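Protein chains in written order, with the numbering used here: chain P, 1 to 518; chain H, 519 to 1019; chain Y, 1020 to 1194.
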């Protein structure tokens, strides 16, 4: 080819025009909002020099009616492509707010669909970085239908490749369903919002004043709605965390999760574990202290940390292998199961099951949260989700009962007859139909009413109940748990159980799909 | 010797300390092994260990009177040292020991009882013309009486539990409104803590110094004092640092206070080691507060400046021997400072910070004495007090003691729990402390809440945080992921997995 | 176009807003005045992990790290830092100037329950982590701790009363 020839010159001119489109002024505008540009996000995310962009030079579709203006720009407001993240193939798209507010037009959507289909064909994870004003009004119904194709693709890929959304700007109206359908949602504090109807409409319809942040900011979605799983204070930390997060996940539902060599600093026998659960059953402790000591050092990555914190979920590694952790948190609400924590747990368990990630459950649960509020809002059907998810999961399932394991909650939290593979209990475990106070009150109601000193009798009966009923030894002798273990050897026991379960396979009955109580 | 074997009815640092003296005196000592800490350090100092790990009783053995007596009998111990805390100031326990033919190494049950009940102790002090803060002659029955009395002596006043002690069960009241709120609370609190709701009221001395005198008395009627300890460095009535002597007393005042201490001890025919506590106001008026009828945590500073082994003296007295020293033999030589290194988080209001001691090394200087009951691997559990070690420093004068204390503190190395070390490192560098210019309010009011003692330390911590951030996030190989592992699996599993989809 | 985001400087921001800046790549040389000193992170059997600085050992421990937030125990004192890039620091300043600093902290009940005891008084100074009240819920006694350093402004909680979730228990004026 003649490098001074006409065709090469046109090639260079186009590149020059593209450069102009992404001018430093445009970038500055984005920076002033506290946001990075789409290109900066992409370059931070992928390993240096590995990103390949496709459809760089596509231009917006012509729209049938004259209404508003469409800028003739390259790329149509979204960057799509693939590259390596920590050495593995990952597909991604990043909406570009500097081009027509990142609005979703037909071409824009076609690019996203294309990359989604490629990711599915290749069995590779896909990440979407959202920063968009929503559907492109000028393109009308065509734009809306394009959303539908994107949603359809996400649903087709669900459970086959990990799909992750990162909200780095606005996501309003229909656009919110794209992240909602994916497996995990990251958000950036202060600069990202998600809502179906924005503050202006709320004001118009309901005459209610509400700010962007209060309606759909990262904090609200992380704490209250549970839509966002991970939130960070700025985009750099969000992207760095995302890269770390991906290192726990396999590329697809056939592969096993990757291995990250363990530095060997976690002790297989750790005496500190004996000191964490207090002797007094009414005292709280932080279950994360236990997780940290059982998992490889610094390997615990908590998901949905701020939503329903009475149940801890997250990924960790054991001798380099990814496991999913589900743990009751006695520090919050005594670790009780309620609607939010059941939903949170169920979704996490199903993700682990889909992607061959073994589940380790740390159990210290006093029961389900009582009260009219919970009953009326459907704790029955929400609690059933957790039960369904545990029972349905075919990945290795290991439970460590730390302390309380009472009633329905004991059944739900991966009991053996629900398909749990191994159940270990610490000597502090109390496994029974209900706690001592409740049991004594019911079984000895008459006696308590008759006695002169009910407090004294109650104390005595409570002690008797603890000695005779609420302990791990009866369950052990009846075979409902596998072993009562010294807390210090928990990691060792869990590791050998995991090794034994390495090739676990369960034949699932053939069916279209089960019917989880949604 | 009458005493031929001693049961140590205590644990931790004080058990170790007592056994150091029994070993020196060639008396066999029995320690009790509990299920809570079967590997505790004090057990290795004992000549004989009684295994009580099978005990399923809810009461800890060191509070179980019957059990302790039966242990003494079964091990053939004819004397018992209660240490401090637990049953050390329980008159009933002392009585029970005596009834069962066990020598209680401490004062008589009568003395314990009289000094333990603050109302009786106040009466005794009054009869013996010991200066005291103005206060109610007996217990205050109700709110109304409290209001009338407080009005008469003037606010602020302090409500104290009659059976209290050691700083517990006290409430300062500054006006009538507060009195209405606080009085019922104080009663309930006293009931809960000491099983005795009775309280009395005293004039509250603002910003006093806490000065206490060490007493030794024998069963032949000899009582001497071993001079004072200054314990004003305290927080919420918990002592943190003690020294001997005090820099505010001159010889006249010292002798006067010493005399008073001996006088109150004589009033109860005190025999054993004991401590008379005074408050000293800014005008150098002193007021009797209470007498502790046991060995104190801070006894080592007195041992350093007088050269007398207090535990040995306790045992000799219990053995019926007469005091070896006369008052005029006792001399103050040099200066001693004790820092209580506790497992507490000084940055979070000195809240307990239990943990397991991973690494521990203490300075090895001739002028440093370390009294401890823990070693590497020991757990500091929430079940017991949070003490890790007492660091006791001696010098020829206060200035030298403080300089040495600074050096010694920098050499203490403890990993596994947050400790009070930062507090002491800051304290010994504080000018007011160095000049002896402080009262019991000093720690809470004047001590800076930022604990680092050189501007570089925070910078070095920042460097470490940055280093970690880079290692975890920015280095190319920060996450060393091996994806091939995920792709290689046993054909058995791969086949089945592939066939399902 | 492919604007590669280069991070060549990092800031460690202390919880009291002191800022320490470090060049990336990070070296173990720190310049103070005219002299340069070497800082080393080491671990051995006798001392555990420590930092060696000017011939002295300082014990160090990483208490916890979350996102870019690190709590470090250095010489028995804990320090909390967030590590910021130049851009994230700028962003933080921008966002902070947009909002007034809240001087009040309302401590709310995290769950419904019965108040057992109030451990502080109005007007008393309080440190972060100090227990404010004891709340019994689900048969557990939970200490509700102060999230900040400050002074107790108002106590809404009364012992032996029941509280609902999110009831304000104590108001604290932050420093």
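Cβ atoms here follow ideal geometry from the backbone N, Cα and C, with glycine treated the same way. Bear in mind the structure is a predicted one, so any value in this text is a computation, not a measurement.
Beta-carbon neighbours of residue i, restricted to chain P and to distances below 9 angstroms
i: residue 1009 of chain H; result: In chain order: nothing, as chain P lies at least about 10 angstroms away.
Inter-residue Cα distance where the pair is residue i and residue j
i: residue 251 of chain P; j: residue 1007 of chain H; result: 14 angstroms
i: residue 895 of chain H; j: residue 934 of chain H; result: 9 angstroms
i: residue 688 of chain H; j: residue 729 of chain H; result: 18 angstroms
i: residue 517 of chain P; j: residue 379 of chain P; result: 12 angstroms
i: residue 853 of chain H; j: residue 604 of chain H; result: 31 angstroms
i: residue 1119 of chain Y; j: residue 1108 of chain Y; result: Annotation note: pLDDT 46 at residue 1119 of chain Y (below 50); position unreliable, no value reported.
i: residue 868 of chain H; j: residue 1174 of chain Y; result: 22 angstroms
i: residue 582 of chain P; j: residue 481 of chain P; result: As displayed, chain P neither begins before 1 nor continues past 518, which places residue 582 of chain P out of reach and without an answer.
i: residue 520 of chain H; j: residue 845 of chain H; result: 26 angstroms
i: residue 555 of chain H; j: residue 1180 of chain Y; result: 39 angstroms
i: residue 779 of chain H; j: residue 742 of chain H; result: 9 angstroms
i: residue 253 of chain P; j: residue 1004 of chain H; result: 11 angstroms
i: residue 704 of chain H; j: residue 230 of chain P; result: 48 angstroms
i: residue 334 of chain P; j: residue 310 of chain P; result: 7 angstroms
Chain Y contact for residue i (CB, 9 angstroms cutoff)
i: residue 332 of chain P; result: yes
i: residue 814 of chain H; result: no
i: residue 221 of chain P; result: no
i: residue 866 of chain H; result: yes
i: residue 975 of chain H; result: yes
i: residue 764 of chain H; result: no
Proximal chain H residues relative to residue i, where beta-carbon distance stays under 9 angstroms
i: residue 256 of chain P; result: 1003, 1004, 1005, 1006, 1007, 1011
i: residue 1106 of chain Y; result: Chain H residues near residue 1106 of chain Y: none, gap ~14 angstroms exceeds 9 angstroms.
Any C-beta of chain P under 9 angstroms from that of residue i
i: residue 1153 of chain Y; result: no
i: residue 1036 of chain Y; result: no
i: residue 1023 of chain Y; result: At residue 1023 of chain Y, the pLDDT of 46 sits below 50, so the modelled position is not reliable and the matter cannot be decided from this model.
i: residue 1084 of chain Y; result: yes
i: residue 1119 of chain Y; result: With a pLDDT of 46 at residue 1119 of chain Y, under the threshold of 50, the predicted position of this residue should be treated as unreliable, though the coordinate-derived value follows. With 9 angstroms as the cut-off, residue 1119 of chain Y does not count as an interface residue toward chain P.
i: residue 706 of chain H; result: no
Reference residue i; option with closest CA among the options
i: residue 249 of chain P; options: P/356, P/223, P/282, P/504; result: P/356
i: residue 863 of chain H; options: Y/1171, Y/1147, Y/1054; result: Y/1147
i: residue 549 of chain H; options: H/1019, H/824, H/568; result: H/568
i: residue 916 of chain H; options: H/946, H/1019, H/670; result: H/946
i: residue 752 of chain H; options: H/527, H/784, H/951; result: H/951
i: residue 87 of chain P; options: P/48, P/504, P/73, P/279; result: P/48
i: residue 184 of chain P; options: P/209, P/154, P/201; result: P/154
i: residue 1100 of chain Y; options: Y/1086, Y/1112, Y/1058; result: Y/1086
i: residue 1047 of chain Y; options: H/1005, H/980, H/1014, H/1012; result: H/980
i: residue 294 of chain P; options: P/304, P/240, P/317; result: P/317
i: residue 432 of chain P; options: P/449, P/471, P/103; result: P/471
Residue i at chain H interface by Cβ criterion, 9 angstroms
i: residue 1174 of chain Y; result: no
i: residue 1149 of chain Y; result: yes
i: residue 207 of chain P; result: no
i: residue 259 of chain P; result: yes
i: residue 275 of chain P; result: yes
i: residue 381 of chain P; result: no
Per-residue contacts from residue i into chain P (C-beta, under 7 angstroms)
i: residue 1087 of chain Y; result: 237
i: residue 1014 of chain H; result: 505
Within chain H, partners of residue i - CB distance below 7 angstroms
i: residue 1080 of chain Y; result: 933
C-beta neighbour in chain B for residue i, strict 9 angstroms
i: residue 1129 of chain Y; result: The chain inventory of the structure shown lacks chain B, comprising the protein chains P, H and Y.
Partners in chain H for residue i, counting only beta-carbon separations shorter than 8 angstroms
i: residue 83 of chain P; result: Chain H residues near residue 83 of chain P: none, gap ~14 angstroms exceeds 8 angstroms.
Listed by chain order, chain P residues near residue i by CB distance under 8 angstroms
i: residue 1156 of chain Y; result: 333, 334
| field | Inter-stretch contact (C-beta, 8 angstroms, three-pair minimum) for the stretch 625-644 of chain H and the stretch 836-847 of chain H | value | no
| Is the number of C-beta pairs between the stretch 1026-1040 of chain Y and the stretch 974-991 of chain H that are closer than 8 angstroms three or more? | yes
| request: Count the CB pairs spanning the stretch 340-354 of chain P and the stretch 419-428 of chain P that are closer than 8 angstroms, and state whether there are at least three. | output: no
| Is there contact between the stretch 253-267 of chain P and the stretch 170-188 of chain P, where contact requires at least three CB pairs shorter than 8 angstroms? | no
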